[in-house]
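Have a look at the structure below, then the notes.
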Amino acid sequence: MHHISRDTLRGVLLTRRPRGLLLRVGALSLLVLGSLLIGIFQPLAVTHAASYCQVTYSVPNQWPGGFTGNIVVQNTSSSAWTSWKLTFSFPSSSQVVSQGWNGNFTQSGQNVTVTNMDYNANVATNGTANPGFNASWSGSNPAPTSFAVNGNPCNGSSSNPTPTPVPPTPTPGTTPTPVPPTPTPGTTPTPVPPTPTPTGTPTPPGTHVDNPYAGAKGYINPDWANEVTTAANTKGGTLGTQMAKVANNSTAVWLDRIAAVTGGTGVTRTLSGHLDAALQQASTSSQPIVITLVIYDLPDRDCAAYASNGELSVANNGLAIYESQYIDPIASTLSQSKYSNLRIATVIEPDSLPNLVTNLSVPKCAEANSSGAYVKGIQYALNKLHAISNVYNYIDIAHSGWLGWSSNFQPAVDLISNTIKGTTAGVNSVDGFISDTANYTPTHEPYMTANQQVGGNPVRSASFYQWNQYIDEATYDTDMRNAFIAAGFPSSIGMLIDTSRNGWGGSSRPSGTSSSTDLNTFVNASKIDQRYDRGNWCNQPAGIGTRPTASPAPGFDAYVWIKPPGESDGTSDKTQTSPDGEGKQFDAMCDPNGTSRYNSAVPTGALPNAPDAGHWFESEFEILVQNAYPTF
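So for the sequence shown, UniProt numbering puts the first residue at 1; every next one is plus one.
Now the structure itself:
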């Protein structure tokens with residue numbers, strides 16, 4: 001899918017096909033006993049073990065004067081519960097429940113009682129109930145240390161949760177709306193969650209929430225997980241063990257042709273098949289399941305590259321086919337009532353609008369622009385999908401190495417904003433934006449910043465960055481988000497970063513800042529991005545990055561895995577010079593012996609023996625695992 005050019009100052013994405021799956025899973029959950037689903041974002045606090053019950057108490061959100069608490073109650077007895085009553089005491093008299101869900105909450109002094117609702121009264125052996133609440137606090141917010149269920153103590157060791165940093169107390173009489181500062185490049189900003197609504201009834205399943213990834217588990221595509229597991233078992237040894245762990249993470253499902261939606265040659269699981277599998281995973285989870293879909297079949301798709309041009313063309317009535325045979329069936333499937341309790345996140349048409357910002361000199365891009373196919377197609381998709389309450393739309397904004405230059409940044413904001421404002425719901429038709437889709441740009445460059453001076457010159461003026469203001473995704477996304485809010489979007493919009501292949505670990509990863517006073521030497525020795533050029537996008541020897549995580553930083557809904565690790569970016573077969581049945585063909589950026597079209601002085605860095613985009617590429621998968629950061 002994509003590419004950057006030094007001439008047009010643009011970066012690239014990638015291409016794929018619908019086999020990869022959902023995304024998101026978090027790193028701090030402590031429930032799931034060996035299931036493929038990884039709990040995504042619950043910071044754990046206190047666990048008590050006993051023969052009758054086990055209780056896990058966590059505080060995922062905290063703000064001045066209030067906090068959100070989550071409780072997982074597990075039946076560890078030898079028989080099922082037909083009803084349950086949880087009791088515990090807050091350590092501080094300032095801790096007062098104001099709102100509860102998945103249970104009836106009452107409080108007398110510091111003593112709290114939670115009884116079951118009708119729908120969660122029965123808890124099987126090893127099953128769980130998951131009540132939660134909003135509460136007030138002042139001074140300190142210690143975790144309860146003693147719990148009982150149906151009069152039976154849930155005893156065991158305990159530890160207090162790591163408290164969420166509390167921003168300065170606002171002026172009395174005002175309602176605080178956390179607006180965190182822009183993170184410093186190279187650092188991991190501390191998450192500051194949005195202020196939850198202090199009153200009202202619990203959010204029913206299927207209701208549109210602010211962040212679909214928060215408090216949810218990510219769908220794991222069984223087909224992709226099976227490929228990972230098979231490869232791991234074949235490899236064996238230490239690397240095989242590491243490879244096997246990758247299958248526990250969720251990835252996005254790419255709907256890259258009509259057959260991926262409705263069925264056809266080469267498709268092992270259709271859209272409804274993935275949704276049904278997500279329902280099955282939801283049936284064994286106490287948390288909502290979020291499944292991420294990539295909407296990716298515009299006419300003249302990937303207009304500036306060849307690896308995944310797609311099946312539709314503007315010249316052959318492509319827009320009408322896109323709307324009636326692709327988007328309409330997607331919307332019809334997603335709107336079925338049986339899927340209403342799933343959270344469905346959609347990534348809308350990677351690379352499309354960014355190509356209209358930088359690549360109009362390419363005939364196909366000029367055609368997509370003059371015909372209005374990209375803009376009209378995206379508007380049609382947003383209108384259809386926004387009408388479904390449990391669907392969440394995220395628009396692709398390429399990556400920092402493509403639109404980060406000042407000559408590209410604001411034009412991109414303007415084009416994307418105007419496209420969205422032209423929908424029926426306007427700015428409210430999207431929930432946020434996503435960058436680095438299927439690309440390799442690091443979330444953070446930890447050892448330098450763009451404007452850091454070396455030898456009298458800023459880092460961004462080095463040959464590798466070519467005066468681009470942004471050297472990583474975190475700073476780029478933060479400024480993009482601010483620019484969209486300034487353009488009229490609500491402050492609730494959230495950002496996503498695809499971290500599936502931007503870890504850049506392994507033996508080549510620097511361990512600190514270079515001491516060189518020569519700018520290019522300093523940058524090359526300090527940067528974790530090991531590509532020859534930021535425009536190199538095809539099958540790079542990178543590493544898997546941060547695991548899918550919800551609310552990782554202020555203004556960010558999640559880090560997600562959109563590109564399933566192990567799936568190719570494009571074929572290295574130079575004889576495949578015309579589109580195959582999936583609309584894919586050889587692109588010179590995938591030639592392991594070629595040079596970059598964006599910088600002829602450097603190699604493409606592409607790996608050899610690569611299959612079509614979206615197809616399993618085991619040798620690259622092994623490299624991604626070996627270079628993972630953090631490691632498996």
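Note that beta-carbon positions come from the ideal geometry of N, C-alpha and C, so glycine has one too.
In this structure D414 is exposed. Its beta-carbon is surrounded by fewer than 16 other beta-carbon atoms within 10 angstroms.
Excluding residues up to 5 positions away in sequence, F586 and D591 lie with their Cβ nearer than 7 Å to the Cβ of K574 in the same chain. Ranking G132, A366, I562 and E582 by CA distance to the CA of E349 puts I562 first.
Under the DSSP assignment, G432 falls in the beta strand (DSSP E) whose first and last residues are G432 to S435. By the C-beta density criterion, K338 is exposed, having fewer than 16 other C-beta atoms within 10 angstroms.
With distances taken between CA atoms, P579 lies nearest to A613 out of A613, P64, Y213 and G555. Looking at the DSSP output, P603 shares a beta bridge with T595. When DSSP states are grouped into helix, strand and coil, W402 belongs to the helix group. Judged by DSSP secondary structure, F621 falls outside any beta strand (DSSP E) and instead within the alpha helix (DSSP H) spanning E618 to Q626. Within the region 234–299, complete beta strand (DSSP E) segments of at least 3 residues are found at 253–255 and 289–295, given in chain order. Cβ-Cβ separation between S516 and A525: approximately 6 Å, consistent with a contact (criterion under 8 Å). Contact check for L624 against R531 fails: the beta carbons are separated by 8 Å or more. Between G132 and W81, the C-beta gap is not smaller than 8 Å, which leaves the two residues out of contact. Per DSSP, reduced to three states, the secondary structure at F409 is helical. For Y392, the uninterrupted beta strand (DSSP E) segment begins and ends at V391 to D396. In the assembly as shown, A345 is a buried residue. Its beta-carbon has 16 or more other beta-carbons within 10 Å.
Selection Q54, L342 and P446 evaluated against T207 yields L342 as nearest (Cα-Cα). Within the region 72–152, the beta strand (DSSP E) runs of at least 3 residues that lie entirely inside it are, in chain order, 85–89, 96–101, 104–108, 111–115, 132–136 and 147–149. Closest option to L382, judged by alpha-carbon separation, among P363, P212, N359 and T419: T419. Per DSSP, M480 is one residue of the alpha helix (DSSP H) stretching across E473 to A486.
Taking C-beta separations shorter than 8 Å and ignoring five residues to either side along the sequence, the partners of A331 in its chain run K384, L385, A387 and I388, following chain order. Taken through DSSP and simplified to helix, strand or coil, K217 comes out as strand.
Residue state for P579 is assigned as coil, using DSSP reduced to three classes.
Taking the Cβ atoms as the reference, P153 lies roughly 17 Å from F90, outside the contact range of under 8 Å. 8 Å or more divides the Cβ of V267 from the Cβ of V294. Fewer than three pairs of CB atoms, one per stretch, sit closer than 8 Å, so the region 536–548 makes no contact with the region 458–467. The alpha helix (DSSP H) runs of length 4 or more contained entirely in the region 322–372 are, from start to end of the chain, 328–334, 352–358 and 363–370.
Counting along the chain, the unbroken alpha helix (DSSP H) around T521 starts and ends at L519 to S526.
Selection I327, P603 and P354 evaluated against S417 yields P354 as nearest (Cα-Cα). Note on geometry: alpha-carbon atoms of T56 and A121 lie some 18 Å from one another.
Q540 has its alpha-carbon roughly 8 Å from the corresponding atom of Y440. Comparing alpha-carbon positions, the option among I471, Q107 and D557 lying closest to V523 turns out to be I471. With 16 or more other Cβ atoms from the protein chains shown falling within 10 Å of its own Cβ, P552 counts as buried. Under DSSP, V560 forms a beta bridge with D498. Collapsing the DSSP output to three states places E567 in a strand.
Secondary-structure assignment with DSSP links Q62 through a beta bridge to F67.
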